[in-house]
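K.L.:
In my numbering, the protein residues as written are 39 to 584.
From the three backbone atoms N, C-alpha and C, an ideal C-beta is built for every residue, glycine too.
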Amino acid sequence: MSSNSSLSYFSDSGCSWKGVHCDTKKESVLGLKASGLGLSGLIPDTTIGKLTQLQSLDLSNNKITALPSDLWSLGSLKSLNLSSNQISGFLPNNIGNFEVGKCCLWVDSELVILSPETLETAFYGSLNSCPIAANPIFFKRKANRHRGYTLALALTFSMVFLLAGLLFLAFGCKRKSRTWVVKQPSYKEEQNISGPFSFQTDSTTWVADVKQATLVPVVIFEKPLLNISFADLLSATSNFDRDTLLAEGKFGPVYRGFLPGGIHVAVKVLVHGSTLTDQEAARELEYLGRIKHPNLVPLTGYCLAGDQRIAIYDYMENGNLQNLLHDLPLGVQATEDWSTDTWEEDNNGIQNVGSEGLLTTWAFRHKISLGTARALAFLHHGCSPPIIHRDVKASSVYLDLNLEPRLSDFGLAKIFGTGLEDEIARGSPGYVPPEFSQLECDAPTPKSDVYCFGVVLFELITGKKPIGDNYPEEQDANLVSWVRGLVRRNQGLQAIDPKIRDTGPDYQMEEALKIGYLCTADLPTKRPSMQQIVGLLKDIEPRASQ
Numbered sequence: 039m040s041s042n043s044s045l046s047y048f049s050d051s052g053c054s055w056k057g058v059h060c061d062t063k064k065e066s067v068l069g070l071k072a073s074g075l076g077l078s079g080l081i082p083d084t085t086i087g088k089l090t091q092l093q094s095l096d097l098s099n100n101k102i103t104a105l106p107s108d109l110w111s112l113g114s115l116k117s118l119n120l121s122s123n124q125i126s127g128f129l130p131n132n133i134g135n136f137e138v139g140k141c142c143l144w145v146d147s148e149l150v151i152l153s154p155e156t157l158e159t160a161f162y163g164s165l166n167s168c169p170i171a172a173n174p175i176f177f178k179r180k181a182n183r184h185r186g187y188t189l190a191l192a193l194t195f196s197m198v199f200l201l202a203g204l205l206f207l208a209f210g211c212k213r214k215s216r217t218w219v220v221k222q223p224s225y226k227e228e229q230n231i232s233g234p235f236s237f238q239t240d241s242t243t244w245v246a247d248v249k250q251a252t253l254v255p256v257v258i259f260e261k262p263l264l265n266i267s268f269a270d271l272l273s274a275t276s277n278f279d280r281d282t283l284l285a286e287g288k289f290g291p292v293y294r295g296f297l298p299g300g301i302h303v304a305v306k307v308l309v310h311g312s313t314l315t316d317q318e319a320a321r322e323l324e325y326l327g328r329i330k331h332p333n334l335v336p337l338t339g340y341c342l343a344g345d346q347r348i349a350i351y352d353y354m355e356n357g358n359l360q361n362l363l364h365d366l367p368l369g370v371q372a373t374e375d376w377s378t379d380t381w382e383e384d385n386n387g388i389q390n391v392g393s394e395g396l397l398t399t400w401a402f403r404h405k406i407s408l409g410t411a412r413a414l415a416f417l418h419h420g421c422s423p424p425i426i427h428r429d430v431k432a433s434s435v436y437l438d439l440n441l442e443p444r445l446s447d448f449g450l451a452k453i454f455g456t457g458l459e460d461e462i463a464r465g466s467p468g469y470v471p472p473e474f475s476q477l478e479c480d481a482p483t484p485k486s487d488v489y490c491f492g493v494v495l496f497e498l499i500t501g502k503k504p505i506g507d508n509y510p511e512e513q514d515a516n517l518v519s520w521v522r523g524l525v526r527r528n529q530g531l532q533a534i535d536p537k538i539r540d541t542g543p544d545y546q547m548e549e550a551l552k553i554g555y556l557c558t559a560d561l562p563t564k565r566p567s568m569q570q571i572v573g574l575l576k577d578i579e580p581r582a583s584q
């Protein structure tokens with residue numbers, strides 16, 4: 039076809055175009071499949087844009103270079119395939135009824151725009167901050183054009199850094215001025231296991247190895263001009279003193295502090311050895327810092343101090359689900375600094391006056407389960423490649439200042455490269471999927487996250503711990519086996535936490551137990567996806583009047 043074939047193709051009336059699907063009265067075009075028709079050049083305005091009832095559009099495998107501006111005003115558009123064309127640049131902010139901005143979803147380097155319903159269900163909130171990269175093909179010609187300049191610049195900077203490094207080493211060898219204390223055993227060599235804690239938290243082990251703390255930069259993503267160093271981290275955490283310790287998890291201890299500028303942060307020291315270089319670790323942390331979702335704990339920044347990788351998060355004022363559900367009496371705050379003093383507004387049917395309202399209603403526990411599910415659905419279905427959390431549990435679900443649930447620690451497993459030990463990579467006690475006991479299973483999958491979410495859902499409904507709790511009429515049981523047995527015998531009501539039993543409809547809590555039952559199926563293939571789980575939980579969402 040000639041270069042103006044797009045113009046000739048769209049010159050006639052809509053229902054006469056090849057590949058068109060119209061309604062029964064031939065009045066409205068509902069679908070257009072123009073894949074592989076040799077269309078080239080630009081598609082003029084007032085062609086596709088006038089098909090106000092268009093629901094499906096497939097323009098793939100052509101040579102189209104530009105799209106009509108009125109395409110994005112199609113409010114009924116549910117499916118759009120623009121793959122294998124010659125379109126360059128970014129898509130605009132409004133596509134149909136949902137916003138994508140400069141964030142596109144790709145499968146096998148091909149553009150796939152999902153329906154508004156799918157996006158609304160799986161990804162709560164705006165996708166404008168999603169860090170998924172655009173198709174590399176869009177930028178290939180630009181990259182080729184500048185490849186020579188890039189290579190020359192790279193060689194120049196390499197020589198400069200090499201000379202600077204040699205000078206630094208030369209002066210450093212002459213200025214040995216201080217002998218540090220004898221290195222203590224590492225976290226791996228000496229563990230102080232007490233309850234959920236599994237690390238020795240004496241920071242002298244590694245802090246003493248960091249020379250010239252003022253020269254080690256701390257990267258804060260949203261404030262790149264803020265000059266913060268490792269010395270500021272030391273000051274904020276009192277040299278990582280136990281008095282500033284918030285918690286200890288399997289990735290490492292977490293400290294609380296205020297950075298210059300009044301930034302309230304939680305500082306996680308990733309204590310396991312990593313096989314990644316500093317550059318690779320920085321690249322992974324930069325990527326994680328671009329991932330934004332209303333139900334994820336934002337990664338604020340990072341620091342590479344000696345052999346340590348340090349992740350810096352926004353501080354979550356209201357603690358985590360493990361503290362609130364299991365470690366403390368309901369409504370009792372763990373520290374004097376949790377700032378939820380009075381909540382009088384009606385928040386989706388959840389009315390809290392003082393901290394007593396935390397976790398004492400079915401509506402609030404459902405809110406936590408739905409928010410956590412949305413976070414995992416975003417990681418699994420909204421990021422490319424999908425991010426597998428690997429350690430979903432009650433202590434990784436936090437409540438922010440507005441009592442919104444937020445999932446933390448996503449993507450941290452990749453920071454360790456291949457250095458993450460098997461027992462760390464495979465999950466926490468009580469949350470380990472059954473397939474991990476099989477020798478042939480050597481890698482976590484999205485379905486292993488689904489299993490862990492099912493355990494958290496059981497915790498929210500029953501108020502019981504995954505292991506080591508009282509499971510009536512069951513000896514040597516765990517939470518999963520106990521609840522699944524009750525659900526199989528249609529006795530799910532016996533598992534519901536008495537504290538929330540009268541705060542919502544029984545059928546909703548029973549349905550939630552059944553969702554947890556599906557999530558904890560022995561075979562991964564029998565478990566639903568997180569996107570499906572979001573839909574199931576929305577179907578039983580408590581209304582404000584309940």
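Just how far apart, CA to CA, sit G333 and E442?
P.N.:
A small fix is needed here, since residue 333 is Asn in this sequence, not Gly. N333 and E442: Cα-Cα distance of roughly 7 Å.
K.L.:
So, is N440 buried or exposed, given that buried needs 16 or more other C-beta atoms within 10 angstroms?
P.N.:
That one is exposed.
K.L.:
Mind checking which residues open and close the alpha helix (DSSP H) that includes L68?
P.N.:
No alpha helix (DSSP H) contains L68, which is instead part of the beta strand (DSSP E) from 67–71.
K.L.:
Pull up the distance between the alpha-carbon of D352 and that of V256, whole angstroms please.
P.N.:
Cα to Cα, D352 sits roughly 15 Å from V256.
K.L.:
Three or more C-beta pairs closer than 8 Å, one from the segment 400–414 and one from the segment 487–495: is that the case here?
P.N.:
A contact exists between the segment 400–414 and the segment 487–495.
K.L.:
Leaving out the 5 sequence neighbours to the left and right, which residues in its chain are closer than 6 Å to G468 when beta-carbon positions are compared?
P.N.:
Only P504, I505 meet the Cβ criterion.
K.L.:
If you pair each beta-carbon of the segment 66–81 with each one of the segment 89–102, do three or more pairs fall below 8 Å?
P.N.:
Yes: at least three Cβ pairs fall under 8 Å.
K.L.:
I'd like to check one pair, L326 with G449: are the Cβ atoms closer than 7 Å?
P.N.:
Yes.
K.L.:
Going by beta carbon distance, what residues of the same chain come within less than 7 Å of Q532, once the five residues before and after it are set aside?
P.N.:
For Q532, where only same-chain residues beyond five positions count, the Cβ hits under 7 Å are L524.
K.L.:
Output the distance between the C-alpha atoms of G295 and D577, rounded to the nearest integer angstrom.
P.N.:
Cα to Cα, the separation comes out at about 41 Å.
K.L.:
Taking the beta strand (DSSP E) that F296 belongs to, which residues open and close that run?
P.N.:
Its beta strand (DSSP E) spans residues 291–297.
K.L.:
Could you check which residue in I125, I348, A413 has the C-alpha nearest to that of H427?
P.N.:
H427 has its Cα closest to that of A413, out of I125, I348, A413.
K.L.:
CA-CA distance, H418 and T338?
P.N.:
Taking the straight line from one Cα to the other gives about 22 Å.
K.L.:
Express the C-alpha separation of T398 and L574 in angstroms, rounding to a whole number.
P.N.:
Looking at the two C-alpha atoms, the distance is approximately 22 Å.
K.L.:
So for R444, helix, strand or coil by DSSP?
P.N.:
Strand, per DSSP.
K.L.:
Could you give the residue range of the alpha helix (DSSP H) that holds A411?
P.N.:
400–419 is the span of the alpha helix (DSSP H), which, as asked, contains A411.
K.L.:
Output needed for L359: all residues of its chain with C-beta closer than 6 Å, excluding positions within five of it in sequence on either side, in chain order.
P.N.:
Correct list, in chain order: A432, V435.
K.L.:
On the criterion of 16 or more Cβ atoms from any shown chain inside 10 Å, does R565 qualify as buried, or is it exposed?
P.N.:
R565 should be labelled buried.
K.L.:
With distance defined between alpha-carbon atoms, name the residue in L362, L363, G501, L308 nearest to C341.
P.N.:
Looking at the Cα atoms, L308 is the closest of the given residues.
K.L.:
With DSSP run on the structure shown, which of helix, strand or coil describes I534?
P.N.:
I534: coil per DSSP, three-state reduction.
K.L.:
Is DSSP giving V391 helix, strand or coil here?
P.N.:
Caution is warranted here: a pLDDT of 35 is assigned to V391, below 50, making its placement in the model unreliable, and no coordinate value can be reported.
K.L.:
Using three-state DSSP, classify E286 as helix, strand or coil.
P.N.:
E286 falls in the strand class under three-state DSSP.
K.L.:
State the beta-bridge partners of N358 as determined by DSSP.
P.N.:
For N358, which the question treats as bridged, DSSP gives the partners Y436.
K.L.:
Under three-state DSSP, which class holds L271?
P.N.:
Three-state result, L271: helix.
K.L.:
Exposed or buried, which one is T500 when buried takes at least 16 other CB atoms within 10 Å?
P.N.:
Its Cβ being crowded by 16 or more others within 10 Å, T500 is buried.
K.L.:
Which residues in the same chain have their Cβ closer than 7 Å to the Cβ of L551, if we skip the five residues on either side of it in sequence?
P.N.:
I499, V521, V525, G530, A533.
K.L.:
Using CA atoms only, rank isn't needed, just tell me which of G76, L297, V518, T103 is closest to N8.
P.N.:
This structure does not reach residue 8, given that the chain is present from 39 up to 584, and the question cannot be answered.
K.L.:
Pull up the DSSP beta-bridge partners for P255, would you.
P.N.:
Looking at the DSSP assignment, P255 forms a beta bridge with S267.
K.L.:
Considering only C-alpha positions, which residue in the set I350, Q124, E548, C557 is nearest to V572?
P.N.:
Selected option, being the one with the closest Cα: C557.
K.L.:
Leaving out five residues on either side along the sequence, give the residues of the same chain with a beta carbon under 6 Å from the beta carbon of A559.
P.N.:
Once the five neighbours on either side are set aside, the close Cβ partners of A559 are R565.
K.L.:
Tell me which residues share the same chain as L607 and place their Cβ nearer than 7 Å to its Cβ, disregarding the 5 neighbours each side in the sequence.
P.N.:
The chain is shown only over 39 to 584; residue 607 falls outside these bounds and no answer can be derived.
K.L.:
Within this structure, are the beta carbons of V305 and I258 separated by less than 7 Å?
P.N.:
Contact: no.
K.L.:
Should L109 and G79 be called a contact, given that it needs their Cβ atoms to be closer than 7 Å?
P.N.:
Against a cut-off of 7 Å, the Cβ pair of G79 and L109 comes out as no contact.
K.L.:
Quick one: what's A349 bridged to in DSSP?
P.N.:
K306, Y340.
K.L.:
So what does DSSP say about V470, is it helix, strand or coil?
P.N.:
Three-state DSSP puts V470 in coil, outside helix and strand.
K.L.:
Counting along the chain, where does the beta strand (DSSP E) carrying G573 start and finish?
P.N.:
Note, G573: premise wrong, no beta strand (DSSP E); alpha helix (DSSP H) at 568–577.
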